[in-house]
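Participant: Please see the structure below; I have some questions.
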Amino acid sequence: MFTIESRDPESKARAGILKTPHGDIPTPIFMPVGTAGTVKGILQRDLTDDMNAKIILGNTYHLYLRPGIDILKKAGGLHKFMSWRRPLLTDSGGYQVFSLTGNRKLTDEGAIFKSHIDGSRHIFTPENTIDIQRIIGADIMMAFDECAPWPCDYAYVKKSVALTHHWLDRAIIRYKETDPLWGAEQLLFPIVQGGTFDDLRKESAEKTALAGLEGNAIGGLSVGEPAEEMYRIIEIVNEILPDDKPRYLMGVGTPVNLLEAIDRGIDMFDCVMPTRNGRNGMLFTSEGTLNMRNKKWADDFSPIDSEGPSAVSTMYSKAYLRHLIISGENLGAQIASIHNLGFYLKLVEEARERIKEGNFKKWKNSMIKKLSERL
RNA sequence: GGGGAGAUACCAAAGCGGCCAACUGGGGCAGACUGUAAAUCUGCUGGCGAAUGCCUUCGUAGGUUCGAAUCCUGCUCUCCCCA
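Here the first sequence is numbered in the working numbering, starting from 808 and rising by one per residue.
This is how it looks when you write it as C-alpha cells:
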C-alpha cells in the first residue's frame, strides 16, 4: 500500500511510504542494484547499518542462471539465501532483452536467450518470469517487457510496445493465478515503454494505468537518449500514470537525473552507476563528481567527502582511496561503492525532507549546480 | 686469464637494410560507464604542432650504403661458462 504524506507546492514531487511485507519504504527512494544476489563488493550489514538502504534489487535472469531456481527454492527464497531481511525488488530480465541483443531472439511467446555464462539456451516468457520471481520471493516483481534500444525507428517501437503489453496481459493472468511461496505478499509492477515517441508513450501509459496494479514503472529510458528527452517523456507518462501509486523510473541515473525526475513525480529509482562507477574510480560527492584515479588527488589528504554521506566518506582521505583504486585493491572498490551509495541514498533522503518542508524546488536548483561540477 | 651472449623509449621485450618514432605487455596520464555479460572498456604515452608535417632517438665514436635500431670497426658497460 502506498500513502502520499506530502507534496511539494512548486513541483510534482511527493513524499510517501510504500508498505511491503519486509518493511516500509519511504519515497523518494534509491534502490541499490544487487543483480546476482549481492550489491557488488558490499556486505548486507553495511547496506543496512551504514547506509540504511531500505530496499535492493535482484535480477531474475542472473539468479535463474546462477545459482538456479532449484537452489533458490531449497534456500527458501532470496531473502533467506542472501540474509537480507528488508524489501527486495527483482527485475524480470527485460533489461537483458536489451543488453544481450545478439544473444537472444524475440518471439511473440517470449525471449530465447543464450546464457552469457555457458551458451545454453533458455526461454523467458511473461509466465515463467512470474514463476521464477515467485521462487525468488521479491516484495516487488517486475513484468517481463521489451526494453527497446535508442535510437530506434517508430515502427519498431510501436511493435515493441504492443509486445510489451501483450506480455503484460499474460503476466497479470499468471500473477493472479499463482500465490507467493514464502508467505509474504508480492506486488507486480508493469512497465511503460514507447521509446521517445510521445504517442506511443501515452498509449503505453494508458494501458499500464488500466492494469490497476499497486505501482507502475517507466522503462526504456536512459538507454542513450539525451536527458532532456527523458525528462519530457517522464512528464508525458506521469500525466497519465495514477497519482496515488508509486512511480518507478527504471535504471536511472545520475544524481541530477534523480532530482529532475523527483521534480516530475517519480518515487523510485535504481541504477548501477554508484556501484559500477565507484569500482571504476568515479566518485559522486557533495562538491561534484571526480575521477579518483586522477593524479591531482595523489596528495590530497582531505576526506573523500567532508559532508560524510557514509561512515567511510570522512574516515578515509582522497589520497588513500586513490592509492587503493590505482593499486587495484579490493578495498578501494568497496569504499568507493559504499561512499557512492551513501551519497545517492542521502540525496534522495534529503529530497524527501525538502519535499516535506515544502522547499524542494529551491533546494533542487541549488543542488543541481553543485552536482554538475566536475572536480 | 680463456670462451660466449648482450646493450632498444619509464620498465620488460620484439624488430635484424627502406613499410620504424619503432610490435606487444606492464607502468603512467586522461576519458567512458544509467532496470550490471563490466573491480570493465577506450584513447594517449620522444619533442613541437589542430593537422599534412618537422625535429631528435635504438650504449658510444666512427665507417659502409641512395638509405642503418638493423651491416662493419674501435671503445665503454652488463651477464653467462671455463680456469
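Cβ atoms here follow ideal geometry from the backbone N, Cα and C, with glycine treated the same way. None of the values given here were measured: they were computed from a predicted structure.
Hey, I811 and G830: beta-carbon distance below 8 Å or not?
Facilitator: No; because the gap between Cβ atoms is not below 8 Å, this pair is not in contact.
Participant: Over the uninterrupted beta strand (DSSP E) stretch that includes R821, give me the two end residues.
Facilitator: Unbroken beta strand (DSSP E) run through R821: 821 to 827.
Participant: Measure the Cβ-Cβ separation of S1117 and P1110 and say whether it is below 8 Å.
Facilitator: Not a contact, by the Cβ cut-off of 8 Å.
Participant: Have a look at the DSSP bridge pairing and note the partners of S1124.
Facilitator: S1124 is bridged to P1110.
Participant: Say whether the segment 1034 to 1048 touches the segment 1147 to 1157, bearing in mind that this needs 3 or more beta-carbon pairs closer than 8 Å, one atom from each stretch.
Facilitator: Not touching, per the Cβ criterion.
Participant: Are the CB atoms of L1066 and I1162 within a distance shorter than 8 Å?
Facilitator: Contact: no.
Participant: Quick check on this structure: which residue in G883, C954, P1062, C1078 has the alpha carbon closest to the alpha carbon of T1092?
Facilitator: Of the listed residues, the one whose Cα sits closest to T1092 is P1062.
Participant: Do you know how far the Cα of H972 is from the Cα of D853?
Facilitator: About 39 Å.
Participant: Applying the 10 Å Cβ sphere with the 16-neighbour rule, what's the burial state of K1052?
Facilitator: Buried, by the Cβ-count rule.
Participant: According to DSSP, is D831 part of a helix, a strand, or is it coil?
Facilitator: The answer is strand: DSSP assigns D831 an E or B state.
Participant: If I follow the unbroken beta strand (DSSP E) through K921, where does it start and stop?
Facilitator: Per DSSP, K921 belongs to the beta strand (DSSP E) from 918 to 921.
Participant: Which word fits I1132, buried or exposed, when buried means at least 16 other C-beta atoms lie within 10 angstroms of its C-beta?
Facilitator: It is buried - the Cβ of I1132 has at least 16 other Cβ atoms within 10 Å.
Participant: May I ask you to list the residues that DSSP assigns as paired with R1054?
Facilitator: Looking at the DSSP assignment, R1054 forms a beta bridge with N1023.
Participant: Hey, out of C1078, S922, R977, whose CA is closest to N910's CA?
Facilitator: Selected option, being the one with the closest Cα: S922.
Participant: Could you tell me how far apart the beta carbons of I979 and A1018 are, in whole angstroms, since I believe they sit closer than 8 Å?
Facilitator: Sure, about 6 Å apart at Cβ, within 8 Å.
Participant: Might you give, ordered along the chain, the residues of its own chain that have their beta carbon closer than 6 Å to the beta carbon of I1073, omitting 5 neighbours on each side?
Facilitator: Same-chain partners within the cutoff: R1054, L1056.
Participant: Are G848 and A1140 touching if we call contact CB-CB under 8 Å?
Facilitator: Yes, they are a contact pair.
Participant: Using alpha carbons as the reference points, say which of H929, I1145, L1020 lies closest to L808.
Facilitator: The residue asked about is misnamed: residue 808 is Met in this sequence, not Leu. When each option's Cα is compared against that of M808, the closest is L1020.
Participant: Taking C-alpha atoms, which residue in I1145, W1170, F1167 lies nearest to D856?
Facilitator: Selected option, being the one with the closest Cα: I1145.
Participant: Does the segment 1008 to 1016 come within contact of the segment 932 to 944, defined as at least 3 CB pairs closer than 8 Å?
Facilitator: Segments in contact, no.
Participant: Could you compute how far the alpha carbon of I947 sits from the alpha carbon of R893?
Facilitator: Going from the Cα of I947 to the Cα of R893 covers about 12 Å.
Participant: Of the choices Q940, A918, K1103, K861, whose alpha-carbon is the least far from that of L885?
Facilitator: Nearest option by C-alpha distance: Q940.
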